[in-house]
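Residues 1 to 214 (the numbering used here) make up the first sequence, in order.
Cβ atoms here follow ideal geometry from the backbone N, Cα and C, with glycine treated the same way.
Predicted model, so just to flag it, every value in this text is computed and none were measured.
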Amino acid sequence: MKTRLHDIYYTLYDYFGPQHWWPGETLLEVMVGAILTQNTNWGNVKKAIAVLKEKDVLEAHKLKILPRLKLARYIKPAGYYTVKTTRLKNFISFWMETYGGNVRKTKNIETAVLREQLLRVNGIGQETADSILLYALKRPVFVIDTYTKRILSRHGFINENAAYQDAQKLFVQNFKADVQLFNEYHALFVRLGKEFCLKRSPRCAQCPLHAKKQ
DNA sequence: GACCAGGCACATC
DNA sequence: GATGTGCATGGT
């Protein structure tokens, strides 16, 4: 059954086109990016990732043995570099110890189990876990971030202080699980958020969703 | 110089 | 369970 959430998807897709998410050449780059981008502008994350590439350490086994002080220095442009160093180290330990850094070993693990394992890693919350699940491990979970929440509440789907699950439930109930759709839809929300729904943006009324209603 | 950015954990009540 | 706070860089 078609709902307004379907209409919004097509409106955004027509307006912006495909977003080609997640930007990243390897699985690990996507995972690392998911942690580095926590409450951080993507432009800063790109700088940090560029340094990791330049230093040739953007591989699980290399990050595993990289001294914390060096890692902290490399990721400095992404901000919060002390906590993020710990978070990256925690994640890499989990990834290496549980799956040997090998995505094929996750093949027979249920998405819900993987999600719980990720959430148990200190420094990985719901959004980061879901980003890793969707964009790195290709599991059909919908990622809820600040922009998505803001847009959903501004359009009356949830209230402003709704829980993560409340927002996520909307997509579980209205769409059948589809990695490509969830990938594109979330990326489109972020694009819309960046361009039109900034906190003090005077452009909110001009966004393609508002324009279409009139 | 203020404000913002693709969160999360921890302290405190 | 809700609410507040620290974490930090770089662009606008």
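Identity of the residue in the options nearest residue i by Cα
i       : options                           : result
Glu-25  : Asp-7, Glu-59, Phe-182, Ile-35    : Glu-59
Lys-107 : Leu-119, Asn-90, Ala-136, Phe-91  : Ala-136
Ile-35  : Arg-68, Glu-54, Lys-64, Arg-87    : Arg-87
Thr-37  : Lys-199, Val-190, Arg-68, Phe-196 : Val-190
Cys-207 : Met-96, Lys-199, Leu-192          : Leu-192
Ile-92  : Tyr-74, His-61, Leu-71            : His-61
Tyr-13  : Leu-118, His-186, Asn-39          : His-186
Same chain, Cβ closer than 7 angstroms to residue i, five either side skipped, listed in chain order
i       : result
Thr-111 : Leu-133, Arg-139, Val-141
Tyr-164 : Gln-126, Ile-144
Alpha carbon of residue i to alpha carbon of residue j, nearest angstrom
i       : j       : result
Met-1   : Asp-178 : 15 angstroms
Gly-17  : Pro-77  : 30 angstroms
Val-103 : Tyr-147 : 29 angstroms
Asp-166 : Gln-173 : 11 angstroms
Cys-204 : Lys-64  : 44 angstroms
Leu-52  : Ala-211 : 42 angstroms
Lys-105 : Tyr-99  : 6 angstroms
Gln-19  : Leu-188 : 7 angstroms
Thr-11  : Ala-162 : 24 angstroms
Leu-71  : Lys-89  : 9 angstroms
Beta-carbon contacts of residue i that lie in its chain and below 6 angstroms, excluding the five residues immediately before and after
i       : result
Phe-171 : Phe-142
Phe-94  : Val-121
Gln-180 : none
Leu-66  : Val-57
Glu-160 : Ser-153
Other residues of its chain near residue i: CB distance less than 8 angstroms, five sequence neighbours each side excluded
i       : result
Val-83  : Gly-123
Lys-169 : none
(request) Ignoring anything shorter than 4 residues or poking outside the segment 4–52, list the alpha helix (DSSP H) runs there in chain order. (result) DSSP runs (the alpha helix (DSSP H)) wholly in the segment 4–52: 4–16, 27–36.
(message) Closer than 8 angstroms is the cut-off here; do at least three beta carbon pairs connect the segment 29–45 with the segment 119–132?
(response) Touching, yes, given that three or more Cβ pairs across the two stretches are closer than 8 angstroms.
(message) Quick test of the definition: if touching needs 3 or more C-beta pairs under 8 angstroms, does the segment 34–48 touch the segment 60–79?
(response) Yes, the segment 34–48 touches the segment 60–79.
(message) At 4 residues or longer, what runs of the alpha helix (DSSP H) sit wholly inside the segment 136–169?
(response) Taking 4 residues as the minimum length, the alpha helix (DSSP H) runs contained wholly in the segment 136–169 are 146–154, in order along the chain.
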